[in-house]
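Chemist:
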Amino acid sequence: MLEVLDTAGQEEYTALRDQWIRDGEGFVLVYSITSRASFSRIQKFYNQIKMVKESANSGSPSGASYLGSPMHVPAGPPLPVPVMLVGNKSDKAVERAVSAQEGQALAKDLGCEFVEASAKNCINVEKAFYDVVRMLRQQRQQQQGGRGQERRPTGLGTMRDRDAGPEYPKAFRPDRSRHRNPIKCVVL
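Note that full-length UniProt numbering numbers the sequence shown so that position 70 is 70, with each residue one more than the last.
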């Protein structure tokens, strides 16, 4: 099962964000290609994820990490959890404020994958989530020593993405009988 928490970057979720980050196993960071301000906030969200995850892994209590707080997160290895950077509203190319190259460069700096998408036209939306799930499965497989995980049925339907040839999952069905450890993906 895939559990998605979409905060849309809203301030009313600030108090809950650290808990969601602690529980999250994968992250989709979304900005609008028509908004330089939303693109600028991505680094802050990434730093918050990194700080909360490192704090949780070290066992120390996390301090305040709301977006307005001073957070200096030194550069280092990428997060130990899958992160996908998504430039949304690719259907509004004439209103573009952030180039695809800038998105790719930021993704490279953060050590994550990147895709441009259009929620309006259903382009690359499923791909973003599918890729996070794929990365999570690979990570789990590596942690378990690669014991036959790749042949287990997924229970996922398929649907062709409109702008790409490969098949992507149509739905991540909440079938709790087959999924004892749901995958938690947080959209910031």
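A virtual CB, placed ideally from N, CA and C, is assigned to each residue, including glycine.
The structure displayed is predicted, hence computed values, not measured ones.
#1: In chain order, which alpha helix (DSSP H) runs of at least 4 residues are fully inside the stretch 92 to 143?
#2: Just to confirm before moving on: does the CB-CB distance between residue 134 and residue 33 stay below 8 Å?
#3: Give the DSSP-derived three-state secondary structure of residue 25 in the structure shown.
#4: Are residue 86 and residue 29 touching if we call contact CB-CB under 8 Å?
#5: Would you mind stating whether residue 113 and residue 84 have Cβ atoms separated by less than 8 Å?
#6: With a threshold of 16 other CB atoms inside 10 Å of the CB of residue 110, please say whether the residue is buried or exposed.
#7: How close, in whole Å, do the beta carbons of residue 118 and residue 99 come, if the pair is a contact with beta carbons under 8 Å?
#8: Quick one: Cα of residue 140 to Cα of residue 25, how far?
Modeler: Per the coordinate set shown:
#1: 100 to 110 and 125 to 143
#2: no
#3: coil
#4: yes
#5: yes
#6: buried
#7: About 16 Å; that fails the 8 Å criterion.
#8: 11 Å
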